[in-house]
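Colleague: Before I ask anything, here is the structure I am working with.
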Amino acid sequence: MKNGIIRKKRKINSMTTREKILGAVLKNQPATTALPDITMFRGDNNDLVKKYMDVFKTIGGTAFLVEDIEAMKTLINESFDTAKRTVTTLPGLSESFELISATADPHTYDDVELAIIKAHFSVAENGAVWLTEEVMGQRIIPYICQHLAVVINADDIIPTLHEAYEKVGAGDYGFGGFIGGPSKTADIEQALVLGAHGPLTMTVFIMNNQHALF
Amino acid sequence: MSQAKTKDHATLAGAFIKDEERVDWHDGALWYIREKRDIASKQIPEWEDLREAASQIKSHVISNLHEYLLQFEENLKKNGIIVHWADSAEEHNEIVYSILKAKEINQMVKSKSMLTEECGLNEYLEERGIEVVNSDLGEYIQQIDNEPPSHIVLPCIHKRKEEIGELFHEHLGTEKGLSDPTLLTRVARKHLRNIFLTRRGALTGVNFAVAETGEYVVCTNEGNADMGAHLSEVQIASMGLEKLIPQKNHLGIFLRLLARSATGQPITIYSSHYRKPRKGQEMHLILVDAGRTRQLGRADFRDSLKCIKCGACMNTCPVYRKSGGLSYHNTITGPIGAILAPNLDMRKHADLPYASTLCGSCSNVCPVKINIHEQLYKWRQEIVKEGYATKAKSLGMKTMAWTLSSPGKFTTAGKAGRWFLDKVPFVVNNKFNPWYKQRDMPEAPKESFEEWYNKKEKKD
Amino acid sequence: MTVGLFIPCYVNQFYPNAAKATLELLQKFGVNVVYPIKQTCCGQPMANSGFEYLSQDCNEIIIENFSGFDYVVGPSASCVLHIKEHLHSEKNEKQAASIRTKIYELVEFLTDVLKVEKLDAAFPHKVGLHHSCHGLRGLHLSQMSELNAPPFSKPQHLLNMVKGLEQITLDRLDECCGFGGAFCVTEEAVSVKMGKDRVTDHTKNGAEYITSSDLSCLMHLEGILHRNKSSVKIIHIAEILNATV
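Chains A, B and C, in that order, are what the protein sequence lines are. Counting in this note's numbering, the first sequence runs from 1 upward without gaps. Counting in this note's numbering, the second sequence runs from 1 upward without gaps. Counting in this note's numbering, the third sequence runs from 1 upward without gaps.
As structure tokens, then:
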């Protein structure tokens with residue numbers, strides 16, 4: 001069996017669907033209007049650490065400002081049951097915890113209790129961190145673990161999504177995502193429940209001394 | 001799908017409203033979300049400028065859609081994503097089926113996609129032996145209850161927790177009478193986790209598709225799209241043509257507006273950017289028309305294609321809040337549904353543009369500034385023109401127009417109306433007069449303003 | 001300045017006191033008011049039902065009555081808005097265009113044209129202000145609660161000048177009352193539920209009177225108040241602004 005499409009391209013009056021749709025779009029679209037200038041949208045750089053931590057707490061996350069990796073290790077051991085399977089991408093934690101394999105079958109990470117990974121940066125206005133596949137270890141990690149811990153540098157907190165996309169640029173990742181707190185749902189009578197299908201909790205460690213991290 | 005005649009909005013709303021306690025609860029829940037949206041929007045001083053920018057970006061997209069579709073397709077292919085085009089709902093469903101069949105997949109997990117709901121995908125696949133599980137909690141609940149979602153963001157907002165508990169008892173074996181939302185969610189978490197881990201096929205919707213880079217963004221709070229996608233061998237994304245945005249940096253505008261408008265959150269918990277298949281995984285994207293190019297051709301209504309599916313219009317609409325989404329007999333409900341649906345089937349949905357007082361609140365909360373209330377008015381003119389107004393209404397309107405066409409006829413009619421109200425009110429105050437069912441008629445004054453004025457002029 | 005007085009069809013027939021108050025109020029400010037006697041209707045009931053094409057006769061009557069005035073003023077936001085947005089004529093488009101720029105609802109005429117800063121009025125009661133949707137989102141008589149924009153309110157500005165009047169605060173500032181034209185009978189259940197909820201908002205916050213620029217809304221609310229034997233009354237804003245002890 002061939003990979004890819006085995007289905008014949010459907011032809012309508014000897015035109016493919018693609019041609020039909022593109023033809024209809026070209027015929028029906030109105031006269032062009034201009035794109036607006038959006039360069040004036042930006043945030044301010046004041047108190048970014050405080051802003052970030054305040055917002056992250058209101059969305060149900062836990063944030064710690066730490067001086068170094070040792071301080072973080074202590075908090076991790078205090079906050080989580082590290083006897084259960086704990087995985088990480090951080091070389092500085094590789095003695096204590098299992099390093100994530102980029103090539104392992106994602107299903108084998110089903111029993112991960114805690115994942116400790118780093119993010120590229122975080123956004124003060126909404127509490128989200130930005131991660132790509134590269135820093136996740138592999139794509140499934142930040143979603144499948146029961147508890148997620150993310151490490152960022154204090155210097156890498158930026159005001160709004162406008163600055164975020166400037167930083168991300170076109171990007172070269174196969175997968176990237178903003179993650180803004182523990183998974184949640186309010187589908188049952190609008191009662192907020194933390195922990196839907198993704199992690200039950202999310203903790204962010206903000207590394208104050210950027211040299212201490214990696 | 002059953003072909004029985006659809007009850008109209010007024011009838012369905014009337015049934016919903018009979019349970020006044022439930023209506024008050026439903027209305028209060030949605031108004032609370034509107035209030036959260038207000039708080040979030042007022043925390044951003046440049047909020048109205050963001051709306052304007054988003055509106056202009058989307059106008060630019062729909063006026064250059066041909067070019068952006070080509071650019072998007074080219075970039076998708078460079079990224080290793082297999083592209084399909086579907087003219088109709090049926091063709092879309094066929095494509096999904098053939099992708100799964102090629103891999104001998106007969107179980108699929110699906111995250112929220114209103115488009116696939118519109119296409120009737122689940123039923124189509126089930127009829128052909130492919131099981132589909134909706135992984136979004138609200139959509140899962142609606143699926144096991146065999147009921148469509150009533151709101152595009154909050155699928156079971158109309159259900160009480162006791163009803164959900166009863167469904168879980170029946171389908172998941174929970175204890176009878178259990179209705180605590182946290183406990184019910186934990187049960188669903190466990191059940192759906194097993195689904196994620198065992199399904200080789202996953203389907204997601206698309207919130208935004210970036211032409212510039214050939215990637216698409218999926219926004220959830222539950223993490224269900226990612227759980228399904230990253231554990232799948234075959235990942236399919238179904239997308240309406242209008243979901244395109246030109247540039248990557250435009251996401252800053254739209255993601256700042258989307259969650260705040262929808263629920264008052266600064267951002268959804270997960271905003272996942274899918275660009276290339278995982279190693280060993282196949283990724284497909286289906287571009288779907290299904291009536292969108294026809295709407296694109298309607299000068300008065302094409303701006304409805306700017307919609308980013310936030311649901312803010314539903315949360316603010318007093319008619320929606322007090323009649324429930326299921327009264328709209330369409331996948332997309334509420335005010336935006338009322339301007340999209342007549343394009344799909346004008347006969348079936350001729351009542352929807354009339355399910356509104358034209359109050360205009362929807363247009364004000366719309367993050368892309370769609371002139372919803374003006375389009376509702378225009379759809380009414382179109383529906384009458386195409387002959388879908390009821391005979392009774394047409395006759396009533398023509399009589400009214402005749403009466404008001406001359407001052408003499410109007411004065412006579414007014415005087416007669418007041419005389420009847422005063423002398424023989426039962427002619428008007430009876431069960432054939434819908435006004436009279438729950439309201440008193442206005443009192444009939446002795447003389448009209450015109451009569452008073454004429455008398456005064458004669459005296460002076 | 002000469003003002004043509006536009007009295008909507010149902011105000012003429014069922015609420016003449018509001019029309020009288022409008023006339024008297026304008027005259028108090030020295031305005032020369034003329035009431036063309038051959039008025040019928042602005043055509044909104046047909047147009048809003050999808051039968052705009054049937055409202056041409058109404059348009060012609062308006063043009064015939066109101067060309068040539070400095071301003072046209074009417075005590076109904078909804079009718080004034082309709083004329084502003086939909087008055088057209090194949091034969092007399094120039095006059096139609098002129099009227100569209102000259103027509104004002106009473107409140108906005110007092111604040112924007114006459115620039116009234118004080119009123120010799122007294123109304124010692126608790127009053128709930130109902131923002132009719134056409135007045136609010138159509139004519140921008142007040143700031144809309146959905147927008148992130150500075151607050152203002154023309155009707156409130158005028159009510160503040162009335163001695164003894166106490167304005168109540170509502171839970172929901174500007175939710176629609178549910179009248180909606182033909183909607184009030186074609187979607188009777190929803191219409192009444194919306195009206196009942198608005199009435200409850202006013203009564204639980206202590207209103208003795210509910211006022212508005214739109215008697216269509218007030219007529220609908222009054223129908224519900226009377227059916228429920230409430231002591232709360234409706235009153236057009238013109239009658240408050242024209243009230244003396």
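From the three backbone atoms N, C-alpha and C, an ideal C-beta is built for every residue, glycine too. As the structure is a prediction and not an experimental result, all values here were calculated from the model.
Applying the criterion that 16 or more other CB atoms from any shown protein chain within 10 Å of the CB defines a buried residue, is S216/C buried or exposed?
Modeller: Burial call: buried.
Colleague: Can you give the Cα-Cα distance for E166/B and E108/C, rounded to whole angstroms?
Modeller: 55 Å
Colleague: I'd like to confirm the pairing. Which residues does DSSP put opposite G85/B in its beta bridges?
Modeller: Before going further, note that residue 85/B is Trp rather than Gly in the sequence given. According to DSSP, which records beta bridges pairwise, W85/B is partnered with L287/B.
Colleague: With three or more C-beta pairs closer than 8 Å as the rule, is the segment 85-100 of chain B touching the segment 263-275 of chain B?
Modeller: no
Colleague: Whole angstroms are fine: how far does the CA of H147/A sit from the CA of R227/C?
Modeller: 58 Å
Colleague: Does V87/A get closer than 8 Å to chain B when you measure Cβ to Cβ?
Modeller: No, because no Cβ of chain B sits closer than 8 Å to the Cβ of V87/A.
Colleague: Does the beta-carbon of N77/A have 16 or more other beta-carbons within 10 angstroms, so that it is buried, or is it exposed?
Modeller: Classification for N77/A: exposed.
Colleague: Report the neighbours of K118/A on chain B: residues whose CB is nearer than 7 Å to its CB, in chain order.
Modeller: In chain order: nothing, as chain B lies at least about 18 Å away.
Colleague: Which residues in chain A have a C-beta closer than 9 Å to the C-beta of E490/B? List them in chain order.
Modeller: Beyond the ends of chain B as shown, which are 1 and 460, falls residue 490/B; an answer cannot be given.
Colleague: Pick from T74/A, V25/A, V66/A, D111/A: whose alpha carbon is nearest that of T86/A?
Modeller: D111/A
Colleague: Give me the chain C residues within the contact set of I383/B, using Cβ-Cβ distance strictly less than 9 Å, ordered along the chain.
Modeller: Taking a Cβ-Cβ threshold of 9 Å, the residues of chain C close to I383/B are G50, in chain order.
Colleague: Rounding to the nearest angstrom, what Cα-Cα distance links L147/C and C313/B in this structure?
Modeller: About 13 Å.
Colleague: How many whole angstroms separate the CB atoms of T40/C and P407/B, which I take to be in contact at a CB cut-off of 8 Å?
Modeller: 6 Å
Colleague: From the beta carbon of M227/B, is the nearest beta carbon of chain A less than 8 Å away?
Modeller: yes
Colleague: Taking only the alpha-carbon atoms, compute the straight-line gap between A15/B and A189/C and give it to the nearest angstrom.
Modeller: 9 Å
Colleague: Going by C-alpha to C-alpha distance, which of L119/C, E64/C, S145/C, L87/C sits closest to N160/C?
Modeller: The shortest C-alpha separation from N160/C is found at L119/C.
Colleague: Since G214/B contacts K58/B with CB under 8 Å, what's their CB separation in whole angstroms?
Modeller: Not a contact, Cβ separation roughly 19 Å.
Colleague: Smallest Cα separation from D70/C: which of I103/C, M144/C, Q56/C?
Modeller: Cα-wise, what sits closest to D70/C is I103/C.
Colleague: Classify S231/C as buried or exposed, calling it buried when 16 or more other Cβ atoms lie within 10 Å of its own Cβ.
Modeller: Using a 10 angstroms sphere on the CB of S231/C, the tally of other CB atoms stays under 16, which defines it as exposed.
Colleague: Establish whether the CB of T62/A and some CB of chain B are separated by less than 8 Å.
Modeller: no
Colleague: Looking at G61/A and G177/A, is the spacing between their C-beta atoms short of 8 Å?
Modeller: Contact: no.
Colleague: Rounded to the nearest angstrom, what separates V72/C and K20/A at their Cα positions?
Modeller: 54 Å
Colleague: For the beta strand (DSSP E) that S238/B lies in, which residues bound it at each end?
Modeller: 234-240
Colleague: Under the assumption that I99/C contacts I63/C (Cβ atoms under 8 Å), give the Cβ distance between them as a whole number of angstroms.
Modeller: 7 Å
Colleague: Quick check on the burial criterion: 16 or more other C-beta atoms within 10 angstroms. Buried or exposed for Q3/B?
Modeller: Residue placement at Q3/B is poorly supported in this model, since its pLDDT is 46, which falls under 50; the coordinates still yield a value, given next. The residue in question, Q3/B, is exposed, as its Cβ has fewer than 16 Cβ neighbours within 10 Å.
Colleague: Beta carbons nearer than 8 Å to chain B: which residues of the segment 10-34 of chain A have them?
Modeller: R10, I12, T16, T17, R18, K20, I21, L22, A24, V25, L26, K27, N28, Q29, P30, A31, T32, T33, A34
Colleague: Can you pull the chain B residues whose beta carbon is under 7 Å from the beta carbon of H226/C, in chain order?
Modeller: D440
Colleague: For H147/A, which residues does DSSP report across the bridge?
Modeller: Note: H147/A sits in a beta bridge opposite L114/A, T201/A.
Colleague: Please list the partners that N64/B has in chain A, where partner means a Cβ-to-Cβ separation under 8 Å.
Modeller: Q29, T32
Colleague: Keeping to the same chain, check which residues put their C-beta closer than 6 Å to that of V23/B; ignore five residues upstream and five downstream.
Modeller: Taken in chain order, the residues that qualify are I17, K322.
Colleague: I'd like to know whether the C-beta atoms of A182/C and A21/C end up nearer to each other than 8 Å.
Modeller: Not closer than 8 Å, so no.
Colleague: Which first and last residues belong to the beta strand (DSSP E) in which V133/B is found?
Modeller: 131-134
Colleague: Would you identify the three-state DSSP class for T17/A, choosing helix, strand or coil?
Modeller: If DSSP states are grouped into helix, strand and coil, T17/A belongs with the helices.
Colleague: Go to N32/C, then tell me how far its beta strand (DSSP E) extends in each direction, as first and last residue.
Modeller: 32-34
Colleague: Could you tell me whether the Cβ atoms of R160/B and E189/A are closer together than 8 Å?
Modeller: Yes, Cβ-Cβ distance for R160/B and E189/A is below 8 Å.
Colleague: For K279/B, name the three-state secondary structure that DSSP assigns.
Modeller: DSSP places K279/B outside both helix and strand once states are collapsed to three, so it counts as coil.
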